[in-house]
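Take a look at the structure below.
There are 4 protein chains.
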Amino acid sequence: YGKNTIKFLRLHKEGKKHFVKEVEVCAHLRLTSPQEYLEGNNSLVIPTDTIKNIVLVLAKKNGISSLEQFAIDICNHFMTTFCQVAYVKTYVQEVPWQRLHEDGVPHIHSFICVPDGIRFCEAEQCRNGPLIVFAGIKDLKLMKTTQSGFEGFYKNEHTTLPERHDRILCGELFCKWSYGECKDFDFDCIWKKIRECILEAFSGPPDCGEYSPSYQKTVNCIQMLVLSRVSQVQVIEVVLNNTFYNVVDMKNLGLTNDKEVLVPVEAPYGSCACTLARK
Amino acid sequence: YGKNTIKFLRLHKEGKKHFVKEVEVCAHLRLTSPQEYLEGNNSLVIPTDTIKNIVLVLAKKNGISSLEQFAIDICNHFMTTFCQVAYVKTYVQEVPWQRLHEDGVPHIHSFICVPDGIRFCEAEQCRNGPLIVFAGIKDLKLMKTTQSGFEGFYKNEHTTLPERHDRILCGELFCKWSYGECKDFDFDCIWKKIRECILEAFSGPPDCGEYSPSYQKTVNCIQMLVLSRVSQVQVIEVVLNNTFYNVVDMKNLGLTNDKEVLVPVEAPYGSCACTLARK
Amino acid sequence: YGKNTIKFLRLHKEGKKHFVKEVEVCAHLRLTSPQEYLEGNNSLVIPTDTIKNIVLVLAKKNGISSLEQFAIDICNHFMTTFCQVAYVKTYVQEVPWQRLHEDGVPHIHSFICVPDGIRFCEAEQCRNGPLIVFAGIKDLKLMKTTQSGFEGFYKNEHTTLPERHDRILCGELFCKWSYGECKDFDFDCIWKKIRECILEAFSGPPDCGEYSPSYQKTVNCIQMLVLSRVSQVQVIEVVLNNTFYNVVDMKNLGLTNDKEVLVPVEAPYGSCACTLARK
Amino acid sequence: YGKNTIKFLRLHKEGKKHFVKEVEVCAHLRLTSPQEYLEGNNSLVIPTDTIKNIVLVLAKKNGISSLEQFAIDICNHFMTTFCQVAYVKTYVQEVPWQRLHEDGVPHIHSFICVPDGIRFCEAEQCRNGPLIVFAGIKDLKLMKTTQSGFEGFYKNEHTTLPERHDRILCGELFCKWSYGECKDFDFDCIWKKIRECILEAFSGPPDCGEYSPSYQKTVNCIQMLVLSRVSQVQVIEVVLNNTFYNVVDMKNLGLTNDKEVLVPVEAPYGSCACTLARK
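Residue numbers (this note's numbering), protein chains in the order written: chain F, 33 to 311; chain U, 33 to 311; chain X, 33 to 311; chain V, 33 to 311.
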């Protein structure tokens, strides 16, 4: 079982307009025989250096039409080329370059990095098994400054947390979903749609929001909305790494503080995770 | 000489609409006497905890109308309240929360973190000296996929770099400027204008760009444009941390590679810096 | 499914001598019912804050005789106190404080942080299932400057790596093992013994070393030695994150370089992992 | 003004015994003319790639007898070779590889990374000026679990910190000193001696320690001891990044806590710095 990470840039031009994809590819391989480990026999081992070459050659030949298609291409290549490969998983992650705009006009060759949620995908296959494709978003930081509380939780002699009906809800979101039988999907379009679902389920209607009784319930709302709106998604996993904020007690400084000044609580921090599948 | 870092959130409402500023404040103090160091006499020492309280109380009372005004408020407070303070510097940095939009409609209380360049400022004062204000942007990652070269450089027996007239120009920008006599400036508006100047000078006209003969020249172009467009800026420092990309040599893989697949060169990496002042 | 991280320090004294453990505890809980997610019903939810209190109270009452015993104590507490808990996993990691010595004399209350491999452990239990204990070491960086090669690997048209019989072997080791039926083990003693096995298997005899034909074989040697020497270990997983070094080609600088100057290859980097169990 | 970072390994053998130095070198250059910035004229520019080659060639030819000597060699090379260089500064930092021992026997070619304080140095020169050498240690984490307090500090209406006479003193130390006229020093020996001074001044006698009334006073004690014991040191700067620990209040959990369980206070954190020169 081995894994390798390669970072590179793929450029292409349409007329004078430049397009750029910078990706990090991680390939996991498991061979049919463990002889490399047990006997130090390297005859079936595919070196890291060769894996790198293959990934770069595929990028050169096929381009990166979508992250998912590129991950599928890599999996297919390893499965069809190397009969000693028992299992392959390819993870592809994108550096979030966006085209620069000047006064609304798109620039033909300049880009800015905007990391408001990182897109990634995975393709996975066992020999003689189906090719499964996952996609996801990570490092997406969101905050609601109201319409969130935490009440009615379990209490015993170790409980010191007060109930709150108007706290801050803030966290870093990880969301990964799997596509079922992977047909000819428009992966870019679906990804954008799911990102919008996440933002909408997290925040509620723009004019009033929607009350969240817990991080857990917000996680579930996101999952439910994605499953209801995007039929291609079969299973969806959401992890929300919570950042808690405490209202600063200013009584001994002679002031009231009506949720105006808050400090992040760095420890303990928590996270909640849930995986939900279509019936 | 001591310094302290405090992180907090300042919320306020206008009607039902929420506004949020999350900042990290770092206060440096130097006292008139070094007795705390030499004699272990703490009688003039202002504890970290007190500094934190002062920053939070000022945030509560004044709000954060702009980062710069808040930094000025803190400096003023320390200078006028503590006669043992010989020097104070306040650094304020913003967590880049942006209001969420759903189908173009702004959300009243939901935000997303978009770190495409971090805004910061500094206010600095010696006792009996003027209050000086700096502002800046950091962690701004930009890339041009063409219109950049590096030719005609100094050569000797240790030179192995080939000349290139069509390379990638990519880097992380740090830019800091000082305002002269600090009057009643609209700091938010100026900051946005300077950010636009930086993007424009880096990338050139949207339809064709502008050739950059070196990282150094691009640094200078940014400075010149800011000084010419923004009269309030007196001195401007720009640091560009370069990321180099090499075109992958695919000859021994039987392929040509016309600047289509490139890999980042992680070491050596370089940076160039320049400070330019108005005459 | 939720998880929480708590960092704290536990001090105790024996006479005038001080002892310190600084640990990071991460508790994962899964409840018997998903009602918190599906219905927003918090009545069974144990807040992060309560989990923190429990961990601190157990540390205060029991002390931390060993990381493993502390992890077991936490698991037991959750299983016996909360009938709504279906599964609990506790991860404990130690900050590597070591007693300071002056001219060989141990200091009674001063410590230095020496992160040459981080000790951690896990205890895991499903309701009505056995309590399983794992221990491990991570972030252990090792290097052999000779007695390592990589030859006879699989080759095809994408192969560019030359065979090498005298390269550098360098990597960051992660090693985790499980104890079987967990009796009254001396966890500290076993951990030290395994650490020594790892170092010995990695490096070979001090006067001559032992040739490693691949990272994979070195991983296997470590596993075999631990299993043969430490009877309490049932299963052992080793991951080696490789750092490759290339001999710098100095021909065009007019010099030979007989493996004297090497540069780390930052990408692609690889890792190999293997899990081995006693028959 | 430009700077470049290069990482590499230098190996050498004495008989069958291997020696390794892995270093990170950062070279700052300022040229006599700013024409590269103002005019985009590259004719005097020394490319990053050339700087890298020079550093590697010097390492190959001279070896790295000590970090300081290597930094001096690089400065000298740039000053004597390139008349367009107005200023050069070289920073060299060491990866803390230590020889492995098995049962007390040193291994001939195996090493372990032990980052308990990172050694670095700097050499700096202006054209026609003297060559100045600095050395230092950083990332050295130390803790005293008693014999530390903070009392008698300045108080006003923003003070909430209680006085404490038995707290934890913990921090990360940065220490940098300059050698005067740099003769034929044994840099390795002096560096080890200074490290011992730091540990001794921080912790006091092994059997009882010595009371520290503040972080500031501990900083000064370190400086005074180094200056008194090591005649080659002319100026010494110490920065102590404090980690504060609070005793957990367990009253509402029905327990007393006699400084047994403490949590780190992540914000605000502070640092104190002082530079002291010989008269």
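Positions of the beta carbon are idealized from the N, C-alpha and C atoms, including for glycine.
(message) Less than 8 Å between the C-beta atoms of F/K49 and F/I140, yes or no?
(response) Yes, the pair counts as a contact, with Cβ atoms nearer than the cut-off.
(request) Report the rounded CA-to-CA distance for U/N306 versus F/V117, giving the unit in angstroms. (result) Note on residue identity: the sequence assigns Cys, not Asn, to residue 306 of chain U. Answer to the nearest angstrom: the Cα atoms are 53 Å apart.
(message) Could you give the first and the last residue of the continuous beta strand (DSSP E) run that contains F/H133?
(response) Annotation for F/H133: the continuous beta strand (DSSP E) segment containing it runs 129–134.
(message) Taking DSSP's pairing of strands, which residues face V/P296 in a bridge?
(response) According to DSSP, which records beta bridges pairwise, V/P296 is partnered with V/Y277.
(message) For F/D105, report the span of its alpha helix (DSSP H) as first-last.
(response) 99–113 is the span of the alpha helix (DSSP H), which, as asked, contains F/D105.
(message) Please tell me whether X/M111 has its Cβ less than 8 Å away from any Cβ of chain V.
(response) No, X/M111 lies away from the interface with chain V (no Cβ there is under 8 Å from its Cβ).
(request) List the DSSP bridge partners of U/N74. (result) Note: U/N74 sits in no beta bridge, so no partner.
(message) So with CB distances below 7 Å, who are the chain U contacts of F/A91?
(response) By Cβ distance, chain U contributes V293.
(message) Suppose you measure from the CA of X/C153 to the CA of X/H109; what does that come to, to the nearest Å?
(response) So the two alpha carbons sit approximately 17 Å from each other.
(message) Determine, for U/R227, whether the minimum Cβ-Cβ distance to residues of chain F falls below 8 Å.
(response) Against chain F, the CB of U/R227 has no partner CB under 8 Å away; the residue lies outside that interface.
(message) Less than 8 Å between the beta carbons of F/I106 and F/A59, yes or no?
(response) For F/I106 and F/A59, yes; Cβs fall inside 8 Å.
(message) Between the alpha carbons of F/Y25 and F/P238, how many angstroms are there, rounded?
(response) Residue 25 of chain F falls outside the range modelled here, since chain F spans only 33 to 311, and no answer is possible.
(message) Considering only heavy atoms of the ligand ZN, does any lie closer than 7 Å to the CB of X/N74?
(response) Because no ligand of any kind appears in the structure shown, any question about the ligand ZN cannot be addressed here.
(message) Taking the alpha helix (DSSP H) that U/F234 belongs to, which residues open and close that run?
(response) DSSP places U/F234 in the uninterrupted alpha helix (DSSP H) bounded by 219–235.
(request) Could you tell me which residues DSSP pairs with F/S303 in its beta bridges? (result) Answer is F/N273, X/K35.
(request) For U/L231, decide whether its Cβ has a neighbour in chain X, counting only Cβ atoms nearer than 8 Å. (result) The C-beta of U/L231 comes no closer than 8 Å to any C-beta of chain X.
(request) With 8 Å as the C-beta to C-beta threshold (strictly closer), list the residues of the segment 256–274 of chain U near chain F in chain order. (result) Answer set for the segment 256–274 of chain U: empty.
(request) List the residues of chain X whose Cβ lies closer than 9 Å to the Cβ of U/L285, in chain order. (result) The contacting residues are E189, H190, T192.
(message) Using DSSP's beta-bridge definition, name the partner residues of F/Y119.
(response) The bridge partners DSSP lists for F/Y119 are F/R62, F/C158.
(request) Apply the 10 Å Cβ neighbour rule to X/S246 and answer buried if 16 or more other Cβ atoms are within range, or exposed otherwise. (result) Looking at its Cβ environment, which holds 16 or more other Cβ atoms inside 10 Å, X/S246 is buried.
(request) Would you please verify whether the beta carbon of U/S97 is less than 8 Å from any beta carbon of chain V? (result) Nearest CB-CB separation between U/S97 and chain V: not below the 8 Å threshold.
(request) With DSSP collapsed to three states, give me the class of U/S246. (result) It is coil, neither helix nor strand.
(request) Closer than 8 Å by C-beta to X/H133: which residues in its own chain qualify, once you throw out the five before and the five after it? Chain order, please. (result) Cβ neighbours of X/H133 beyond the five flanking positions: H139.
(request) Between the Cα of V/I169 and those of V/Q67, V/Q157, V/T191, V/W209, spot the shortest distance and give me the residue it belongs to. (result) Measuring from the Cα of V/I169, the nearest candidate turns out to be V/W209.
(message) Mapping the DSSP letters down to three states, classify U/E189 as helix, strand or coil.
(response) The answer is coil: DSSP assigns U/E189 none of H, G, I, E or B.
(request) Give me the Cα-Cα distance between X/V137 and V/K187, rounded to the nearest whole angstrom. (result) If you take the alpha carbons of X/V137 and V/K187, they lie about 41 Å apart.
(request) Quick one: which residues of the segment 191–216 of chain F get their C-beta closer than 8 Å to a C-beta of chain U? List them in chain order. (result) Taking 8 Å as the Cβ-Cβ cut-off against chain U, the residues of the segment 191–216 of chain F that qualify are I200.
(message) Taking the beta strand (DSSP E) that U/V165 belongs to, which residues open and close that run?
(response) Here the beta strand (DSSP E) through U/V165 covers 164–176.
(message) Under 8 Å, with one C-beta from each stretch per pair, do the segment 60–74 of chain X and the segment 65–75 of chain V reach the 3-pair mark?
(response) Between the segment 60–74 of chain X and the segment 65–75 of chain V, the count of Cβ pairs shorter than 8 Å is below three; the stretches do not touch.
(request) Tell whether a beta-carbon distance below 8 Å holds between V/A167 and V/F219. (result) Closer than 8 Å, so yes.
(request) Drop a sphere of 10 angstroms on the beta-carbon of F/Q264, count the other beta-carbons inside from all chains shown, and report buried for 16 or more, exposed for fewer. (result) Only buried fits F/Q264, as 16 or more other CB atoms lie within 10 angstroms of its CB.
(request) With 8 Å as the threshold, decide whether the Cβ of X/K35 is near any Cβ in chain F. (result) With 8 Å as the cut-off, X/K35 counts as an interface residue toward chain F.
(message) Pop quiz: V/K39 and X/V295 are said to be a contact at Cβ under 8 Å. What is the actual Cβ separation, rounded to whole angstroms?
(response) Yes, they are in contact, since the Cβ atoms of V/K39 and X/V295 sit about 7 Å apart, within 8 Å.
(request) Assess, as a yes-or-no matter, whether the segment 78–95 of chain U is touched by the segment 153–162 of chain U under the definition of 3 or more beta carbon pairs within less than 8 Å. (result) At 8 Å Cβ cutoff, the stretches do not touch.
(message) Please report the distance separating the alpha-carbon of F/Y123 from that of F/D171.
(response) Their Cα atoms are separated by approximately 16 Å.
(request) Quick one: using the 10 Å Cβ neighbour count with 16 as the cut-off for buried, is F/E100 buried or exposed? (result) Classification for F/E100: buried.
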